[in-house]
Each structure stands twice: as structure tokens, then as C-alpha cells.
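1 is the number of the first residue of the sequence shown in UniProt numbering; add one for each residue after it.
Beta carbons: idealized from backbone N, C-alpha and C, even for Gly.
First the structure, in the form of C-alpha cells, and then the observations on it.
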Amino acid sequence: MELSLQTGTVADRTILRVSGEIDVYTAPKLRQRLVQLVEDGARHLVVDLSGVEFLDSTGLGVLVGGLKRMRALAGSFALVCDQERILKIFRITGLDRIFTIVPTEQAALAVEPDPGGSEDRPDGGHAVPPATDR
């Protein structure tokens, strides 16, 4: 399946809506877009993964790279995801404690940008309820 990337802006947030599969073949396209957004001046990025059907370790690496880029610029990086099969990947890898993950774009827009990174947050970085079926 192809990867679709659409970009929009709401207030001071840049929203990247991703749909399709993020894997070894499509991850470079996502990486390129994230780099371009940063080069174009985005400092508060929301990556909406609600349309993502598959995410592999290459895709996770691209998202971690995007987070590191934003932190280096004192920016913020949030993920939108409400699909249990994708959230489970973040939980298994422990990345749910690194990323700010919220269920909707509206919730992402309501989160105060955290330039210090999610490890400074009292909830440990994740806005997703813990899994009950681990």
C-alpha cells in the first residue's frame, strides 16, 4: 500500500496527516517530509497516525528521528493515534513513555507544547491509557 502525507497548519501547529503503511519502503518518504517541515520552520509538529494501517521498526525510527530533531530546536512533537494495534507497538517498545500520544487531533492541539521533552512530564510522557490486555 502507498503512503499518503498531507500537511496543514492550525494556529502554531503543523499537522502531518499520514495514511497507509509505514515500512522499510515508505519510511524514507516520511523522513523526507519531516525534515522538510523542520527546514521550512515548523517548531510544533503533530503527526496524525490515525490513517496508518501498518508501522514497522523503520517507521518507528523515522518518528524517533523527528522527535529528536524537534527537541534539538526546542520544538514539540506529538502523535495522534487511537488504533490499538499501532498503540501496542509503542507500548511494547517503550516508546509510549517517550512520545506524547493522544487519540485525536483536537487533543493534540490542546496539549501545551513541551519543548523540554516528554520525560519531564509527570505522567512519564504518554497521554494514552495503559493497555489492559498486555
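Taking C-beta atoms as the reference points, Leu45 and Phe90 fail to come closer than 7 Å.
Secondary structure of Ile98 (DSSP, three-state): coil. Burial check for Arg33: the Cβ neighbour count within 10 Å reaches 16 or more, so the residue is buried. Contact between Leu3 and Leu16 is ruled out by a C-beta separation of about 11 Å, above the 8 Å threshold. With respect to the 7 Å criterion, Glu84 and Phe54 are not classified as neighbours on the basis of their beta carbons. Runs of the alpha helix (DSSP H) lying entirely within the UniProt domain "STAS" (3-112), each at least 4 residues long, are 27-39, 57-72, 84-93, 105-110 in chain order.
Comparing alpha-carbon positions, the option among Ala110, Ala42, Arg13, Leu87 lying closest to Leu73 turns out to be Ala42.
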